[in-house]
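Undergrad: In order, the protein sequences belong to chains A and B.
Numbering-wise (my numbering), the first sequence opens with residue 3 and increments by one.
Numbering-wise (my numbering), the second sequence opens with residue 3 and increments by one.
Glycine included, C-beta positions come from ideal geometry on N, C-alpha and C.
Here it is, the structure, as structure tokens.
Number of protein chains: 2
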Amino acid sequence: MKPVKVGLLGLGTVGTGVVRIVEGHQPDLLSQSGSPIEIVKVLVKDSSKSRGIHVAADKITENPWDVIENPEIDVVVEVMGGIELSKQLILAALDRGKHVVTANKDLMALHGPEILAKAAEKGCDVLYEASVAGGIPILRTLVEGFSSDRITKIMGIVNGTTNYILTKMSQEGAAYDDVLKEAQQLGYAESDPTSDVEGFDAARKMTILATLGFRANVELSDVSVKGISKVSKEDIAYGKRLGYEVKLLGIAERQDEHISISVQPTMVKHSHPLASVNGVFNAVYVYGEAVGETMFYGPGAGEMPTATSVVADLVAVVRNLNLGINGRRGFVPYKEKKLKTDEQIASKNFILLHVEDKAGVLAQITQVFAQHEVSLESVLQHPNATNPLAEIIIITHDANKAAMNNVLKQIESMNVVQAIKSVYRVEG
Amino acid sequence: MKPVKVGLLGLGTVGTGVVRIVEGHQPDLLSQSGSPIEIVKVLVKDSSKSRGIHVAADKITENPWDVIENPEIDVVVEVMGGIELSKQLILAALDRGKHVVTANKDLMALHGPEILAKAAEKGCDVLYEASVAGGIPILRTLVEGFSSDRITKIMGIVNGTTNYILTKMSQEGAAYDDVLKEAQQLGYAESDPTSDVEGFDAARKMTILATLGFRANVELSDVSVKGISKVSKEDIAYGKRLGYEVKLLGIAERQDEHISISVQPTMVKHSHPLASVNGVFNAVYVYGEAVGETMFYGPGAGEMPTATSVVADLVAVVRNLNLGINGRRGFVPYKEKKLKTDEQIASKNFILLHVEDKAGVLAQITQVFAQHEVSLESVLQHPNATNPLAEIIIITHDANKAAMNNVLKQIESMNVVQAIKSVYRVEG
Numbered sequence: 003m004k005p006v007k008v009g010l011l012g013l014g015t016v017g018t019g020v021v022r023i024v025e026g027h028q029p030d031l032l033s034q035s036g037s038p039i040e041i042v043k044v045l046v047k048d049s050s051k052s053r054g055i056h057v058a059a060d061k062i063t064e065n066p067w068d069v070i071e072n073p074e075i076d077v078v079v080e081v082m083g084g085i086e087l088s089k090q091l092i093l094a095a096l097d098r099g100k101h102v103v104t105a106n107k108d109l110m111a112l113h114g115p116e117i118l119a120k121a122a123e124k125g126c127d128v129l130y131e132a133s134v135a136g137g138i139p140i141l142r143t144l145v146e147g148f149s150s151d152r153i154t155k156i157m158g159i160v161n162g163t164t165n166y167i168l169t170k171m172s173q174e175g176a177a178y179d180d181v182l183k184e185a186q187q188l189g190y191a192e193s194d195p196t197s198d199v200e201g202f203d204a205a206r207k208m209t210i211l212a213t214l215g216f217r218a219n220v221e222l223s224d225v226s227v228k229g230i231s232k233v234s235k236e237d238i239a240y241g242k243r244l245g246y247e248v249k250l251l252g253i254a255e256r257q258d259e260h261i262s263i264s265v266q267p268t269m270v271k272h273s274h275p276l277a278s279v280n281g282v283f284n285a286v287y288v289y290g291e292a293v294g295e296t297m298f299y300g301p302g303a304g305e306m307p308t309a310t311s312v313v314a315d316l317v318a319v320v321r322n323l324n325l326g327i328n329g330r331r332g333f334v335p336y337k338e339k340k341l342k343t344d345e346q347i348a349s350k351n352f353i354l355l356h357v358e359d360k361a362g363v364l365a366q367i368t369q370v371f372a373q374h375e376v377s378l379e380s381v382l383q384h385p386n387a388t389n390p391l392a393e394i395i396i397i398t399h400d401a402n403k404a405a406m407n408n409v410l411k412q413i414e415s416m417n418v419v420q421a422i423k424s425v426y427r428v429e430g
Numbered sequence: 003m004k005p006v007k008v009g010l011l012g013l014g015t016v017g018t019g020v021v022r023i024v025e026g027h028q029p030d031l032l033s034q035s036g037s038p039i040e041i042v043k044v045l046v047k048d049s050s051k052s053r054g055i056h057v058a059a060d061k062i063t064e065n066p067w068d069v070i071e072n073p074e075i076d077v078v079v080e081v082m083g084g085i086e087l088s089k090q091l092i093l094a095a096l097d098r099g100k101h102v103v104t105a106n107k108d109l110m111a112l113h114g115p116e117i118l119a120k121a122a123e124k125g126c127d128v129l130y131e132a133s134v135a136g137g138i139p140i141l142r143t144l145v146e147g148f149s150s151d152r153i154t155k156i157m158g159i160v161n162g163t164t165n166y167i168l169t170k171m172s173q174e175g176a177a178y179d180d181v182l183k184e185a186q187q188l189g190y191a192e193s194d195p196t197s198d199v200e201g202f203d204a205a206r207k208m209t210i211l212a213t214l215g216f217r218a219n220v221e222l223s224d225v226s227v228k229g230i231s232k233v234s235k236e237d238i239a240y241g242k243r244l245g246y247e248v249k250l251l252g253i254a255e256r257q258d259e260h261i262s263i264s265v266q267p268t269m270v271k272h273s274h275p276l277a278s279v280n281g282v283f284n285a286v287y288v289y290g291e292a293v294g295e296t297m298f299y300g301p302g303a304g305e306m307p308t309a310t311s312v313v314a315d316l317v318a319v320v321r322n323l324n325l326g327i328n329g330r331r332g333f334v335p336y337k338e339k340k341l342k343t344d345e346q347i348a349s350k351n352f353i354l355l356h357v358e359d360k361a362g363v364l365a366q367i368t369q370v371f372a373q374h375e376v377s378l379e380s381v382l383q384h385p386n387a388t389n390p391l392a393e394i395i396i397i398t399h400d401a402n403k404a405a406m407n408n409v410l411k412q413i414e415s416m417n418v419v420q421a422i423k424s425v426y427r428v429e430g
């Protein structure tokens, strides 16, 4: 039987895992896909570097075109990351009729439509399961598993670094800066952690999830993003006391053609399945009109989990090759998309205020909410031992974002209010 | 465009949901599958019965052969349940080249290989996502999402009735009989609850999960089954105190070609993701060599969740029709299977004993464990207020089943032991 030949772009963490699985699971992959799968060329940055895995010297190259222009290669697996060069190479591979498997969320979030259009034109597969939530097969679940349903909400803990930091802060009462430093030492956070902690990484993944889940062309610029760098241990402690965990959630919502997408630290009720997703684990919660509540949980990153998803895509491409249907099962968005206005975005909110500790203040403040027709679920006031101010925590019922912005603006301007210490969306 | 024509066998809860989704989601189903989908014939038991949904009178029939022998029908959807008649009709439909979607776990657990062989022979699709864990797309996850991995463990809360009962017992400290009665009144349990509470329903689902996950022909008779009817509120209370919830778990394990499958009430550690799956929800935990820990959570039954899975399968059949590949993507088990012996099955165990409250008893008992090389994780002894006996709770480290059986036999015969009150497997 003729083996399917694979060119691998990148031999970092994920690339090494891909080699391990492809070489270690040969009989299984043959049974699963119908063909032997052989990695014939591997692009590396520095061929002199020693690695944890042996790859024959004649397969190694530092020149990407040795992979892209190699006529015997059927499938290109891109696990090198980055955007411009990856895009160029993937488009060139598709131009040559090669199928593509990629784990590159940045690329797919920014240039997915262009790449998928090229794939359709050339009759090629482009699969990218590993780009979101590592080992969790969530993309095929959205496309195949829920093909019959209308998904109205997707909430994801899709960044392991921030979930690790928030979990540590919650479990140990530690401060953000200390936990970040520890995460960096352990290799869970980059030396420049911006992309993770400011929510940009999660925003890219939510772009991909929302596109597939809502069957509409969602763009990265549609996502409003707020990171975790301002989350204090006090916020976490207050949340806990009221029955919430702070999680960095990506939230995509849809009503007819109106959608909203955001990434933000969110108070998640303890009884919600997302509240107990801890450490570097990821989870995606999907709500469908017919199916109701579902959640998919697993490792969000790491060599072998991510490689599992990459190789599952590779198996799918080879199955398609043997069926002669490559490029014919591609996902095509077909729904209109309009962004919700602030009047159309509703959620519960958690607000922590520092106010003067004197009679009538609480009444004045709750009056502002009433004026803007924001009703309250609970109000907690108590004097703060360490300063002469009182703390007020308010949890609202569902309120639209425009009304909430007006409430907050008005409260901020009140003389009795010293500070709006924090505002969180509330879920569950 | 020529619509794909569907014959529906059964218009009960799930059948009604299927009609609702197919009729309510027409534009979506067309975009998803590439063809309009039309239900042209519906088999009912009693055509005079009034229903919650309108189906044109000329589509209704009480004669199954009006569906099976109808030449214009492309796909037969079986949601009538039962075994013998369903099997006969499905085989007859396949003989006539019709594709089949079924939600029938009993049928697939007992006669899956025969039905799938007939489908392969006739070039037809047989899909059955809805047969396990209702709205959770777990079968395609095992077959497609984890095609690259070797799954070594599947643990499922796959019966909503028993999970509802155990959740209530845990949350309210209620007794089994009382909660069962309540569940029957609410319609969560059948008037004859045997199939659910004795674990037979879960065993059928585990047969299907293990077959797909381990890629081997697992049979219902391979599953050792124990139900929840002997679970006492005391067991649950003791478990809780030590950090465990009692759950009816299906557990399938594999090491090379050696597998074991069981259904039994199990003490699940609070930190394990299965421990917080409550009420009628289902969840399937999958451990793969490469991916590690994953879990899939959602509604296990109900009209719309189950119908979501049925119609997702219908969409897959129609996609295959439009690609001309029906019958060519079927799952074929290819792995050897040997059942593990009791010496090869290992787990932690929870044992509750009533013993005479006198010096030296604990030493005598722990000595028995030591003799059989079963090491202990924790031992808890305290006098029981209501009788002159002491209670001992022992949690073992991983021990093989044969050794455990020998330990229990020897302990039972000891004069100082009044009773072995309960024995549970421990997970997490």
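Mind checking whether ASP344 of chain B and LYS403 of chain B have CB atoms under 8 Å apart?
TA: Result yes, Cβ atoms of ASP344 of chain B and LYS403 of chain B sit closer than 8 Å.
Undergrad: So, is the C-beta of GLY294 of chain B closer than 8 Å to a C-beta in chain A?
TA: Interface residue, yes.
Undergrad: Quick check: the Cα distance between SER37 of chain A and LEU11 of chain A, rounded to an integer number of angstroms?
TA: So the two alpha carbons sit approximately 21 Å from each other.
Undergrad: Take LEU364 of chain B and list the residues in its own chain whose beta-carbon comes closer than 6 Å to its own, dropping the five residues that flank it on each side.
TA: Only GLN383 meet the Cβ criterion.
Undergrad: So, at 6 Å on beta carbons, what are the nonlocal neighbours of ALA205 of chain B in its own chain, with the 5 sequence-adjacent residues on each side left out?
TA: Only VAL225, VAL227 and VAL265 meet the Cβ criterion.
Undergrad: In terms of residues, what are the limits of the beta strand (DSSP E) holding GLU80 of chain A?
TA: Counting along the chain, the beta strand (DSSP E) containing GLU80 of chain A begins and ends at 77-80.
Undergrad: On the CB-based measure, 16 or more other CB atoms within 10 Å of its CB, does ILE413 of chain B come out buried or exposed?
TA: Burial call: buried.
Undergrad: Does DSSP put HIS113 of chain A in a helix, a strand or coil?
TA: Note: HIS113 of chain A maps to helix in three-state DSSP.
Undergrad: Nearest by alpha-carbon distance to ASN351 of chain A: which of A:SER380, A:GLY326 and A:LYS124 is it?
TA: It is A:SER380 whose Cα lies nearest to the Cα of ASN351 of chain A.
Undergrad: When you compare only the Cα positions, how much space is there between GLY83 of chain A and GLY114 of chain A?
TA: Distance between the alpha carbons of GLY83 of chain A and GLY114 of chain A is about 14 Å.
Undergrad: Taking only the alpha-carbon atoms, compute the straight-line gap between GLY241 of chain B and GLU247 of chain B and give it to the nearest angstrom.
TA: For GLY241 of chain B and GLU247 of chain B, the distance between alpha carbons rounds to 6 Å.
Undergrad: Could you please give me the residues that DSSP links to TYR166 of chain B through a beta bridge?
TA: Per DSSP, none; premise fails for TYR166 of chain B.
Undergrad: Counting pairs of Cβ atoms below 8 Å between the segment 65-74 of chain B and the segment 291-300 of chain B, do you hit three or more?
TA: No: fewer than three Cβ pairs fall under 8 Å.
Undergrad: Out of curiosity, what's the CA-to-CA distance linking THR104 of chain B and GLU131 of chain B?
TA: So the alpha carbons of these two residues sit roughly 8 Å apart.
Undergrad: Hey, is TYR336 of chain B's beta-carbon within less than 8 Å of any beta-carbon in chain A?
TA: Yes, contact with chain A.
Undergrad: Residues in the same chain with beta-carbon distance under 7 Å from ASP109 of chain B, minus the five sequence neighbours each way, listed in chain order, please.
TA: The amino acid occupying residue 109 of chain B in the given sequence is Leu; Asp does not appear at that position. Cβ neighbours of LEU109 of chain B beyond the five flanking positions: ILE85, SER88 and LYS89.
Undergrad: At least one CB of chain A closer than 8 Å to the CB of GLU146 of chain B: is that the case?
TA: At least one chain A Cβ lies under 8 Å of GLU146 of chain B.
Undergrad: Would you give the residue range spanned by the beta strand (DSSP E) that PHE216 of chain B belongs to?
TA: Unbroken run through PHE216 of chain B is the alpha helix (DSSP H), 202-216; no beta strand (DSSP E).
Undergrad: To the nearest angstrom, how far is the alpha carbon of GLY294 of chain A from that of GLU305 of chain B?
TA: Roughly 11 Å separates the two Cα atoms.
Undergrad: I believe ASP76 of chain B touches LYS124 of chain B by the beta-carbon criterion, under 8 Å. Please report the beta-carbon distance rounded to the nearest angstrom.
TA: About 13 Å separates the two Cβ atoms, so there is no contact after all.
Undergrad: What residues in its chain sit with their C-beta under 6 Å from that of SER377 of chain B, if we drop five residues either side in the sequence?
TA: Cβ neighbours of SER377 of chain B beyond the five flanking positions: HIS399.
Undergrad: Between the segment 141-160 of chain A and the segment 145-162 of chain B, do at least 3 Cβ pairs fall closer than 8 Å?
TA: These segments touch.
Undergrad: Taking the beta strand (DSSP E) that ASN351 of chain B belongs to, which residues open and close that run?
TA: Segment 348-358, the beta strand (DSSP E) holding ASN351 of chain B.
Undergrad: Output needed in chain order: residues of the segment 276-309 of chain B with a Cβ under 7 Å from some Cβ in chain A.
TA: Flagged, chain order: SER278, GLY290, ALA292, VAL293, GLY294, GLU295, THR296, MET297, PHE298, TYR299, GLY300, PRO301, MET306, PRO307 and ALA309.
Undergrad: Are any of the Cβ atoms in chain B nearer than 8 Å to that of GLN446 of chain A?
TA: What is shown of chain A runs 3 to 430, which leaves residue 446 of chain A out entirely.
Undergrad: Can you find a C-beta in chain A that's less than 8 Å from the C-beta of ILE85 of chain B?
TA: No, ILE85 of chain B does not count as interfacial toward chain A.
Undergrad: Name the chain A residues whose beta carbon is nearer than 8 Å to that of ARG152 of chain B?
TA: In chain order: HIS27 and ASP30.
Undergrad: Is the CB-CB distance between LEU118 of chain A and GLY332 of chain A below 8 Å?
TA: Going by C-beta atoms, LEU118 of chain A is nearer than 8 Å to GLY332 of chain A.
Undergrad: List, in order along the chain, the chain B residues whose C-beta lies closer than 8 Å to that of LEU325 of chain A?
TA: Those are LEU325, ILE327, ARG330 and ARG331, listed as they occur along chain B.
Undergrad: Let's see if you can read the secondary structure: which residues bound the alpha helix (DSSP H) around PHE371 of chain A?
TA: From DSSP, the alpha helix (DSSP H) with PHE371 of chain A extends over 363-373.
Undergrad: So, with DSSP's three-state summary, where would you put ALA254 of chain A?
TA: Note: ALA254 of chain A maps to strand in three-state DSSP.
Undergrad: Going by DSSP, what residue range makes up the beta strand (DSSP E) through THR196 of chain A?
TA: Premise fails: THR196 of chain A lies in the alpha helix (DSSP H), 196-199, not in any beta strand (DSSP E).
Undergrad: Output needed in chain order: residues of the segment 112-139 of chain A with a Cβ under 7 Å from some Cβ in chain B.
TA: The residues in question are GLY137, ILE138 and PRO139.
Undergrad: Scan the segment 270-327 of chain B and note each continuous beta strand (DSSP E) run of 3 residues or more that stays entirely inside, going in chain order.
TA: Segments of the beta strand (DSSP E) lying fully in the segment 270-327 of chain B: 283-290 and 294-301.
Undergrad: Contact between the segment 179-191 of chain B and the segment 159-169 of chain B is defined here as three or more beta-carbon pairs at a separation below 8 Å; is this criterion met?
TA: Short answer: they touch.
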